[in-house]
Ligand SMILES: Nc1ncnc2c1ncn2[C@@H]1O[C@H](COP(=O)(O)OP(=O)(O)OP(=O)(O)O)[C@@H](O)[C@H]1O
Ligand SMILES: [Mg+2]
């Protein structure tokens, strides 16, 4: 059965690499699933880190997100169970990199994911899209489909520059492709309370984007970085870790916003 009304669709996006998009997509999803929300994660990154980080082999999946973009499979057909109870994933595949070029010549090239997500299984509480580290066609597909952007931002010197560019893209997408695209928030990741750099960057980002920076800070935590090598979210891998607590707090804050 397919849903009549669409659930919230959160695109986890930042064109900068290694800022915690995949980590946030997996662990926010797991934290929401833990409190009873049925989560669908869409791995839209050819690196397929969400797919492998949840214990799935991207090469072995019969159908992946590419097939949903070209209309060869529905989301329902491509979605598979993960190691996280209550969370399913539409896997990615390295071939998606080539598909981005292929997509460029197709009709409605920016809105193919939106079309695919228009029919999701009934009961899906939230869809989370893990984006690649670029603002290419795949990310544009995510932003066209999403109801909001969640922006993981690493506490480092160049954070503000990247954010400016991303928020400009948000305006462009709103005016041309998706007037309903909101901002779920900027979440500061790999925060290290012992360094002045982390505090300095936090203060600057808060000053530049006061409405958007979330209260929850995701600490640098070794359990967070270990979890994907066990094919698990940090919520499953070490439920009492600081990392798990932080992602639970993030889920709670987003639900209350
Ligand atoms: N809070 C954290 N504490 C410790 N390590 C972290 C944390 N968040 C992310 N990492 C580690 O940092 C690296 C980059 O994180 P991640 O893969 O989530 O970033 P990304 O933005 O998805 O990267 P890409 O742009 O390549 O897709 C990974 O090795 C991950 O395990
Ligand atoms: Mg990633």
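Residue numbers (our numbering): 551 to 807. Ideal placement from N, C-alpha and C gives every residue a C-beta, glycine not left out. All values derive from a computational prediction rather than experimental measurement.
Nearest residue (CA-CA) to residue i, options the options
i: residue 640; options: 798, 730, 796, 576; result: 576
i: residue 565; options: 712, 673, 778; result: 712
i: residue 646; options: 803, 620, 744, 635; result: 620
i: residue 745; options: 596, 792, 769, 779; result: 769
i: residue 672; options: 597, 657, 557; result: 557
i: residue 717; options: 656, 700, 706, 632; result: 700
i: residue 684; options: 568, 747, 589; result: 568
Backbone secondary structure at residue i - three-state DSSP
i: residue 561; result: strand
i: residue 635; result: coil
i: residue 712; result: helix
i: residue 642; result: coil
i: residue 704; result: strand
i: residue 739; result: strand
i: residue 625; result: helix
i: residue 630; result: strand
i: residue 615; result: helix
i: residue 605; result: coil
i: residue 677; result: strand
i: residue 580; result: helix
i: residue 670; result: coil
Close Cβ partners of residue i (< 7 Å) along its chain, the five nearest in sequence each way excluded
i: residue 627; result: 613
i: residue 659; result: 653, 687
i: residue 783; result: 576, 577, 580, 634, 777
i: residue 766; result: 737, 796, 799, 800, 803
i: residue 593; result: 600, 601, 615, 639, 640, 641, 642, 680
Assumed close pair residue i, residue j - CB separation to whole angstroms, cut-off 8 Å
i: residue 668; j: residue 559; result: Between residue 559 and residue 668 the Cβ distance is about 11 Å, and since that is not below 8 Å, they are no contact.
i: residue 802; j: residue 702; result: Actually they are not in contact, since the Cβ atoms of residue 802 and residue 702 sit about 17 Å apart, beyond 8 Å.
i: residue 596; j: residue 651; result: With 8 Å as the limit, residue 596 and residue 651 do not qualify as a contact, their Cβ atoms being about 11 Å apart.
i: residue 698; j: residue 664; result: That pair is no contact at about 14 Å.
i: residue 585; j: residue 637; result: Going by Cβ atoms, the distance from residue 585 to residue 637 rounds to 12 Å, so no, they are not a contact pair.
Neighbour-count burial assignment, residue i, 16 or more Cβ in a 10 Å radius
i: residue 607; result: exposed
i: residue 721; result: exposed
i: residue 757; result: exposed
i: residue 622; result: exposed
i: residue 609; result: exposed
i: residue 735; result: buried
i: residue 725; result: exposed
i: residue 772; result: exposed
i: residue 789; result: exposed
i: residue 708; result: exposed
Residue-level contact to chain B via CB, residue i, 8 Å cutoff
i: residue 775; result: No chain B appears in this structure, which consists of one protein chain only.
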